[in-house]
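Student:
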Amino acid sequence: MGMVGGGRGSFIGGVHRMAANLDGRIELVAGCFSSKPKNSRASGADLYLDTSRVYSSYEEMARKEAALPASERIDFVSIVTRNQTHFAVAKTFLEAGINVICEKPLAF
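Positions 1 to 108 (my numbering) are the ones given, in order, by the sequence shown.
#1: Can you tell me the Cβ-Cβ gap for S43 and S35, rounded? I've got them flagged as a contact below 8 Å.
#2: If G5 sits next to V80, beta carbons under 8 Å apart, how far is it from one beta carbon to the other, in whole angstroms?
#3: Could you tell me which residues DSSP pairs with V100 in its beta bridges?
#4: Quick one: Cα of D50 to Cα of A107, how far?
#5: Cα-Cα, which of F11, L47, K64 and L28 is closest to S78?
#6: Could you check where the alpha helix (DSSP H) with S44 kicks off and where it finishes?
#7: Measuring CA to CA, which of P105, G13 and F87 is closest to S40?
#8: Going straight from the alpha carbon of L22 to that of E103, what length do you get?
#9: Assuming the contact rule is C-beta atoms closer than 8 Å, E65 and A30 should be a hit. Round their C-beta distance to whole Å, please.
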């Protein structure tokens with residue numbers, strides 16, 4: 001699983017990570033946790049992610065994850081950003097061939 005948004009100080013990001021982990025079948029392996037690269041890296045470190053899978057922008061994340069071999073890339077991305085950004089983020093990942101889970105609303 002990948003995540004866009006949901007970094008330090010985010011309530012809903014933590015909720016989504018806990019819910020995804022309930023049955024132990026989903027692992028967070030990549031993310032862009034903030035529009036500020038420094039904050040995204042700090043959140044990735046908090047979550048013990050490999051630094052090569054913590055991205056500075058959601059566009060970079062979609063592009064680089066889509067380029068990975070299927071066995072290594074994320075199976076889906078959870079979008080937990082502000083409402084007005086959902087459409088653009090979801091569109092970017094869908095166009096890259098990556099499945100999307102989006103906090104409501106899908107578009108604003």
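Glycine residues also receive a C-beta, built at the ideal position from the N, C-alpha and C atoms.
Tutor: Walking through what the data contain:
#1: By a beta-carbon distance limit of 8 Å, S43 does not contact S35. Their separation comes to about 12 Å.
#2: Contact holds; Cβ gap of about 4 Å.
#3: DSSP output for V100 lists V77 as bridge partner(s).
#4: Taking the straight line joining both Cα atoms gives about 31 Å.
#5: Of the candidates F11, L47, K64 and L28, the one whose C-alpha sits nearest the C-alpha of S78 is L28.
#6: A small fix is needed here, since residue 44 is Gly in this sequence, not Ser. It spans P37 to D46 - the alpha helix (DSSP H) in which G44 sits, taken as one unbroken run.
#7: The shortest Cα separation from S40 among P105, G13 and F87 belongs to G13.
#8: Approximately 18 Å between the Cα atoms of the pair.
#9: About 6 Å separates the CB atoms of E65 and A30; that is less than 8 Å, so the two are in contact.
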